[in-house]
Amino acid sequence: MQGMNCACGKVAKYVKNLRFNNYDLDGWKCENCNETYFNPEKTEKILLLNKLKKHKFYLKLSRVKSNLILRIPKDVGDVLNLHNGDKVEFSLSKIDNITIKPLENSKKDYK
Ligand SMILES: [Zn+2]
Numbered sequence: 221m222q223g224m225n226c227a228c229g230k231v232a233k234y235v236k237n238l239r240f241n242n243y244d245l246d247g248w249k250c251e252n253c254n255e256t257y258f259n260p261e262k263t264e265k266i267l268l269l270n271k272l273k274k275h276k277f278y279l280k281l282s283r284v285k286s287n288l289i290l291r292i293p294k295d296v297g298d299v300l301n302l303h304n305g306d307k308v309e310f311s312l313s314k315i316d317n318i319t320i321k322p323l324e325n326s327k328k329d330y331k
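If you're matching positions, the sequence shown starts at 221 in this note's numbering and goes up one per residue.
Pasting the structure below:
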């Protein structure tokens, strides 16, 4: 990753471990004026993730052959980096509680 032109006129250096809303992400830090520039794409994802965490989804099941299909809303899929064919862990702990856990690459953007 290259440096980024800082507002102060110097070049901000690419850094990997910045903190934003309790998540690690990369970005640029200027050693001259101490200004920090977060990776805009990841910043947007973290903001969306925080918004979605407060949201309760009411989803409708549909039937394909003998199975019921649950559709994950697009924003949730995007923010968790879920794609067609990805695997998730599905568990039923109580009669009224289903847990769906994203696996592998979905977590790589957040630590
Ligand atoms: Zn600067």
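Where a beta carbon is used, it is the ideal one built from N, C-alpha and C, also for glycine.
These numbers were taken from a predicted model, which means no experiment stands behind them.
Asked: CB of Leu268 within 9 Å of CB of Val299, strictly; Found: yes
Asked: Best match in Asp306, Pro293 and Cys253 for proximity to Pro322 [C-alpha to C-alpha]; Found: Asp306
Asked: Closer than 8 Å: Asn237 CB and nearest ligand 1 heavy atom; Found: no
Asked: Distance between Lys262 and Glu191 (C-alpha atoms, nearest Å); Found: Limits of the chain in this structure are 221 at one end and 331 at the other, which puts residue 191 out of reach.
Asked: Pick from Ile292, Cys226, Asn259 and Thr256 that is closest to Lys282, judged by C-alpha positions; Found: Note that residue 282 is Ser in the sequence shown here, rather than Lys. When each option's Cα is compared against that of Ser282, the closest is Ile292.
Asked: Leu312: first and last residue of the uninterrupted beta strand (DSSP E) it sits in; Found: Val308 to Lys314
Asked: Every unbroken beta strand (DSSP E) inside the region 233-311 [3 residues or more]; Found: 243-249, 256-258, 281-284 and 287-290
Asked: Endpoints, beta strand (DSSP E) assigned at Lys321; Found: Asn317 to Pro322
Asked: Local conformation of Met224 per DSSP, three classes; Found: strand
Asked: Rounded distance between the beta-carbons of Leu290 and Leu279, thought under 8 Å; Found: 6 Å
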